[in-house]
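Peer 1:
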Amino acid sequence: MLADDIKDLIQESYRQLLTSRELTPRYGQRLMIAEIAKQLAVIGGARVPRKDQLTSQASASGPVSQGMQAAASPKAPVCVIEAGTGTGKTLAYLLATIPLAQALNLKVVIATATVALQEQVILKDIPELLNGSELDFSVALAKGRGRYVCLSKLDALLEPNDSLQAMLDLYGEESVDLGEPDARLYQGMLDALAEGSWDGDRDSWNRPIAEKEWRPLTVDNASCLGARCSNFRQCVFFKARESLDQSDVIVSNH
Numbered sequence: 115m116l117a118d119d120i121k122d123l124i125q126e127s128y129r130q131l132l133t134s135r136e137l138t139p140r141y142g143q144r145l146m147i148a149e150i151a152k153q154l155a156v157i158g159g160a161r162v163p164r165k166d167q168l169t170s171q172a173s174a175s176g177p178v179s180q181g182m183q184a185a186a187s188p189k190a191p192v193c194v195i196e197a198g199t200g201t202g203k204t205l206a207y208l209l210a211t212i213p214l215a216q217a218l219n220l221k222v223v224i225a226t227a228t229v230a231l232q233e234q235v236i237l238k239d240i241p242e243l244l245n246g247s248e249l250d251f252s253v254a255l256a257k258g259r260g261r262y263v264c265l266s267k268l269d270a271l272l273e274p275n276d277s278l279q280a281m282l283d284l285y286g287e288e289s290v291d292l293g294e295p296d297a298r299l300y301q302g303m304l305d306a307l308a309e310g311s312w313d314g315d316r317d318s319w320n321r322p323i324a325e326k327e328w329r330p331l332t333v334d335n336a337s338c339l340g341a342r343c344s345n346f347r348q349c350v351f352f353k354a355r356e357s358l359d360q361s362d363v364i365v366s367n368h
């Protein structure tokens, strides 16, 4: 069962959110919050501990360790919620899971089925919760490798050499003959990366990038050299992955 202070935090956060948005409580939404919290409470064992019972030096047999083991167990709880559009499902599971996860030193991973829903969670639902309640948590967006520029490919495209041709031959890719527009675009990307005005994310470039322009700049899991790459320390994809370790809530796409 839930500890009283976690219950109080969930309930108070819900009241604050409703007040900030001038809404009245919905029976269905309250039911969803309660059911999700009840199901996930077993991750912490018989009882989710109070915040003041958790320390960074928790023993291996303590509630934090037990919670992590339970979350990874095939017997971890599963809660399926079905409700119509506009009933507040997203805010319901955010309100139920975030206080619990923070109490157990665990992360919340939200995997959406569509990019549109992912954008709704990042741009609408989470900001509403942060602005409308006293919950304090950090958020990161997890994207696939294909959304980030490969520095090695970008360098090689701008300065063709035998190594580039060997890589292309190895993976069965055709050589890219840069026209002037593409050369200007890629040089602009390299300059922006050097200046720190661009993070290498396709979606954050200053204009939409056509697929034919972007395809030569990316690698998949099979062709990425990882730690063996000469640009590994500067790799924008792995830098983005590092930020996930510092976040309480991770929003991804499946």
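With this note's numbering, letter number 70 in the sequence shown gets 184, and the count goes up by one each step, no holes.
No residue lacks a Cβ here, since even glycine has one placed at the ideal position from N, Cα and C.
From the DSSP output, in three-state form, read off T201 for me.
Peer 2: Sequence index remark: in the sequence shown, residue 201 carries index 87 (1-based). T201 falls in the coil class under three-state DSSP.
Peer 1: Please list, in chain order, all residues of the same chain as P139 whose beta carbon is under 7 Å from its beta carbon, the five residues on each side excluded.
Peer 2: Counted from its first residue, the sequence shown places residue 139 at position 25. These residues qualify, in order along the chain: L132.
Peer 1: Is L339 helix, strand or coil by DSSP?
Peer 2: On the sequence shown, residue 339 is found 225 positions in, with the first residue counted as 1. DSSP, reduced to helix, strand and coil, places L339 outside both helices and strands of the structure shown, so it counts as coil.
Peer 1: Could you say if the segment 333–350 and the segment 258–271 meet the contact criterion of at least three C-beta pairs nearer than 8 Å?
Peer 2: Taking 8 Å as the limit for Cβ pairs, the verdict is that the segment 258–271 does touch the segment 333–350.
Peer 1: Identify which residue in R316, A117 and D317 has its Cα closest to the Cα of A155.
Peer 2: Working through the sequence shown from its first residue, we reach residue 155 at position 41. If we check each option's Cα against that of A155, A117 comes out closest.
Peer 1: Near D313, what residues of its chain come up, given a Cβ to Cβ distance below 7 Å and the 5 sequence neighbours on each side ignored?
Peer 2: If you number the sequence shown from 1, residue 313 lands on position 199. Here the set comprises V350.
Peer 1: Taking the Cβ atom as the reference point for each residue, do I147 and I120 lie within a distance shorter than 8 Å?
Peer 2: The sequence position of residue 147 within the sequence shown is 33, counting from 1. The sequence position of residue 120 within the sequence shown is 6, counting from 1. Their beta carbons are not under 8 Å apart, which means I147 does not touch I120 by this criterion.
Peer 1: Between the segment 239–249 and the segment 321–333, do three or more beta carbon pairs fall short of 8 Å?
Peer 2: Contact between the segment 239–249 and the segment 321–333 is absent: fewer than 3 CB-CB pairs across the two stretches fall below 8 Å.
Peer 1: Please report the distance separating the alpha-carbon of E196 from that of L292.
Peer 2: Reading the sequence shown from its first residue, position 82 is the one you call residue 196. Reading the sequence shown from its first residue, position 178 is the one you call residue 292. If I take the Cα positions, the gap works out to 51 Å.
Peer 1: Which runs of the alpha helix (DSSP H) spanning at least 4 residues fall entirely within the segment 296–336, listed in chain order?
Peer 2: 325–328
Peer 1: In this structure, how does DSSP classify N345 when only helix, strand and coil are distinguished?
Peer 2: Counting from one through the sequence shown, the residue named residue 345 turns up at place 231. Of the three classes helix, strand and coil, the one that applies to N345 here is coil, per DSSP.
Peer 1: Kindly indicate the opening and closing residues of the beta strand (DSSP E) around V222.
Peer 2: Sequence index remark: in the sequence shown, residue 222 carries index 108 (1-based). Element bounds for V222: V222 to T226.
Peer 1: For I157 versus L218, is the C-beta spacing smaller than 8 Å?
Peer 2: Against the sequence shown, residue 157 aligns to sequence position 43. Against the sequence shown, residue 218 aligns to sequence position 104. Taking 8 Å as the Cβ cut-off, I157 and L218 qualify as a contacting pair.
Peer 1: Look at the alpha carbon of R129 and the alpha carbon of G258, and state the distance between them as a whole number of angstroms.
Peer 2: Here residue 129 refers to the residue found at position 15 when the sequence shown is read from its first residue. Here residue 258 refers to the residue found at position 144 when the sequence shown is read from its first residue. Distance between the alpha carbons of R129 and G258 is about 36 Å.
Peer 1: Measure the alpha-carbon distance for M115 versus A256 and round it to whole angstroms.
Peer 2: If you number the sequence shown from 1, residue 115 lands on position 1. If you number the sequence shown from 1, residue 256 lands on position 142. Whole-angstrom Cα-Cα distance: 32 Å.
Peer 1: Measure how close the beta-carbons of N369 and A225 come, nearest whole angstrom, since I'm counting them as under 8 Å.
Peer 2: Residue 369 cannot be examined here, being either before or after the span of the chain that is shown, 115 to 368.
Peer 1: What residues match up with L218 in a beta bridge as DSSP calls it?
Peer 2: The residue labelled residue 218 in the question sits at position 104 within the sequence shown. Bridge partners of L218: none, in fact.
Peer 1: Using 7 Å as the cut-off, classify the Cβ of L265 as near or not near the heavy atoms of the ligand COA, replying yes or no.
Peer 2: Looking for the ligand COA in the displayed structure turns up nothing, as the structure carries no ligands at all.
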